[in-house]
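Mapping to the numbering used here: the sequence shown position 150 is 1156, numbers consecutive.
For each residue, glycine too, the CB sits at the ideal point set by N, CA and C.
Being a predicted model, the structure only gives us computed values, none of them experimental.
Before any comments, here is the structure.
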Amino acid sequence: MLPCISIRLNNLIKAMETVVAPALDQNQVFALEQSTLIVAHLKMLSNQWDAAYCFELGSLDNMVNLAIHLTHLTPHTEASQAALLALSATLKNPPSEPPPTVSAVTQRLREIGLKVDNFIDQVMQTESSTVKSQLTGIVLDYNQCQSARERVWFKDNHLDSGISDLSTFEEMLYGNHYRFKP
């Protein structure tokens, strides 16, 4: 076995296409569909794995900026204030270096995302329409930015009807257009 992930993924694709899929009974439609899906996912992984760390760092950066922006809201209810304190505590003492792996970035993203979700839930359940409106505007701006990043990430699937309007993979990863900066 080789340590190179690209070669390993390409070997899996080749094995699925040339050995496994042809050996399937042609009457087993579900198995044939699944083998096609496996090949498609392996090809997508092969194209994306090397950029996954940068993509996840960008997603984390956007989530952190969303969380920071949300901490500037002024909730009035006790439940919202408690959720805001928990969110603020999650943001205190950020690491001086980015997390070293995709898994570590994803874990940090999830940790902050759960606090953001809890704060949003509390605001939407207990706050005035003014605070809810402020929150909604911030969240919609974030979602527009992050969903655009994800559309570019999955652009090679050709399932997006607006594919011609999307930036390049490199612009999404390294440019500022897809960074949420409130």
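- Message: What does the alpha-carbon distance come out to for the pair Q1113 and L1076?
- Response: Here the C-alpha atom of Q1113 lies approximately 20 Å from the C-alpha atom of L1076.
- Assuming F1125 and L1146 form a contact by the criterion Cβ under 8 Å, report the distance between their Cβ atoms to the nearest whole angstrom. 16 Å between Cβ atoms; not a contact.
- Tell me which same chain residues have a C-beta within less than 8 Å of the C-beta of S1041, skipping the five on either side of it? Excluding positions up to five away in sequence, the list reads M1022, V1026, A1027, L1030.
- Expressed to the nearest angstrom, what Euclidean distance is found between the alpha-carbon atoms of E1133 and A1154? If you take the alpha carbons of E1133 and A1154, they lie about 29 Å apart.
- So, V1111 versus L1072, is the Cβ gap smaller than 8 Å? Their beta carbons are not under 8 Å apart, which means V1111 does not touch L1072 by this criterion.
- Query: Going by other Cβ atoms of all chains shown within 10 Å of its Cβ, with 16 needed for buried, is L1048 buried or exposed?
  - Reply: Buried: at least 16 other Cβ atoms inside 10 Å.
- Task: Could you tell me if A1095 is buried or exposed, where buried requires 16 or more neighbouring beta carbons within 10 angstroms of its beta carbon?
- Result: Exposed is the call here.
- Item | Environment of S1170 [buried if 16+ CB atoms lie within 10 Å] | By the neighbour-count rule (16 or more Cβ atoms within 10 Å), S1170 is not buried but exposed.
- Considering only C-alpha positions, which residue in the set L1051, K1161, P1188 is nearest to E1177? Nearest to E1177 by alpha-carbon distance, out of L1051, K1161, P1188, is K1161.
- Just to confirm, are S1052 and N1016 a CB contact at a threshold of 8 Å? A contact, by the Cβ cut-off of 8 Å.
- Whole runs of the alpha helix (DSSP H) within the stretch 1109-1159, excluding any shorter than 4 residues: You should have 1135-1159.
- CA-CA distance, H1082 and P1104? Cα to Cα, the separation comes out at about 34 Å.
- Considering only C-alpha positions, which residue in the set I1011, L1097, L1079, S1065 is nearest to S1139? Selected option, being the one with the closest Cα: L1079.
- Task: Between the Cα of A1046 and those of N1163, Y1184, W1159, spot the shortest distance and give me the residue it belongs to.
- Result: Of the candidates N1163, Y1184, W1159, the one whose C-alpha sits nearest the C-alpha of A1046 is N1163.
- Taking Cβ to Cβ, would you say R1185 is nearer than 8 Å to N1068? R1185 is a Cβ neighbour of N1068, given a cutoff of 8 Å.
- Message: With H, G and I counted as helix, E and B as strand and the rest as coil, what does DSSP make of E1176?
- Response: The three-state secondary structure of E1176, taken from DSSP, is helix.
- Query: Between the C-alpha atoms of L1141 and S1086, what's the straight-line distance to the nearest angstrom?
  - Reply: Cα to Cα, the separation comes out at about 12 Å.
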